[in-house]
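See structure below.
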Amino acid sequence: MKQILPFLLLLLACSRKPQADTPAAALSYGDSVLFLRPGAGETIVAPANPQPGRYSAFPEGLEIDDRSGVINVSRSETGLRYRVDYVSESGATASTYVVLSGVNYVDKYFNLAAGDSVLRPVYNADPARSLPAGSFDESRLAAGQGCAVATGNGSIN
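Given below as structure tokens:
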């Protein structure tokens, strides 16, 4: 009997159902490209299914409420792709990517001796995308500061 008891205890301990892992969370803003709405005041976008927890974004530049996940597009840096991360109160995690529509310029080193001096704009975080029709530096603010912006395509030299 003494030999069977440890075996039975081990069998009972190993026969428990394992606890379920933390359920997966879901995170979506309804669209992956967010944009400013002219004349609408501040553009605010909330998660499609808001849940309590903690929200954060990478890289810096996205104005996001860390408790609600609400993004203030008007106060964020446009033209970039951001990863939004969410951690629920139970520890479940989720992430999604959003692009803030707009134009940005990629940081890089220029080899001026080799004629590498033109900075080209990137639209919606995708260098392969064509820029929409329009003009750049219409009010000549950049030109007034000594920055040569091509008004037709936004290139800076």
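Reading the sequence shown from the start, the letters are residues 15 to 171 in this note's numbering. A virtual CB, placed ideally from N, CA and C, is assigned to each residue, including glycine.
Note to self: If we define contact as Cβ-Cβ less than 8 Å, is GLN65 a contact residue for chain C?
What the structure shows: This model lacks chain C altogether; it includes just one protein chain.
Margin query: Check for me: the beta strand (DSSP E) holding ALA156 runs from which residue to which?
Written below: Per DSSP, ALA156 belongs to no beta strand (DSSP E); it is in the alpha helix (DSSP H), 155-158.
Item checked: Whether TYR119 touches VAL132 by CB criterion (8 Å) -> no
Notebook entry, point to check: Nearest to ALA62 by CA position, among GLU74, ALA39 and ASP130, is which residue?
Noted result: Cα-wise, what sits closest to ALA62 is ALA39.
Margin query: For ASP151 and GLY83, what's the separation of their Cα atoms in angstroms?
Written below: 34 Å
Notebook entry, point to check: In this structure, does DSSP put ALA127 in helix, strand or coil?
Noted result: DSSP places ALA127 in the helix class (H, G or I) of the three-state scheme.
Next item on the list: Tell me whether VAL47 is buried or exposed, calling it buried when 16 or more other Cβ atoms sit within 10 Å of its Cβ.
Entry: exposed
Next item on the list: Indicate the three-state DSSP secondary structure (helix, strand or coil) for SER149 in the structure shown.
Entry: coil
Next item on the list: Please determine if the segment 66-74 and the segment 114-128 are in contact, where contact requires at least 3 C-beta pairs separated by less than 8 Å.
Entry: no
Next item on the list: Given a cut-off of 8 Å, decide if GLU91 and GLY75 are closer than it, judged by their beta-carbon atoms.
Entry: yes
Checklist line | Opening and closing residue of the beta strand (DSSP E) in which GLY67 lies | finding: 67-72 is the span of the beta strand (DSSP E), which, as asked, contains GLY67.
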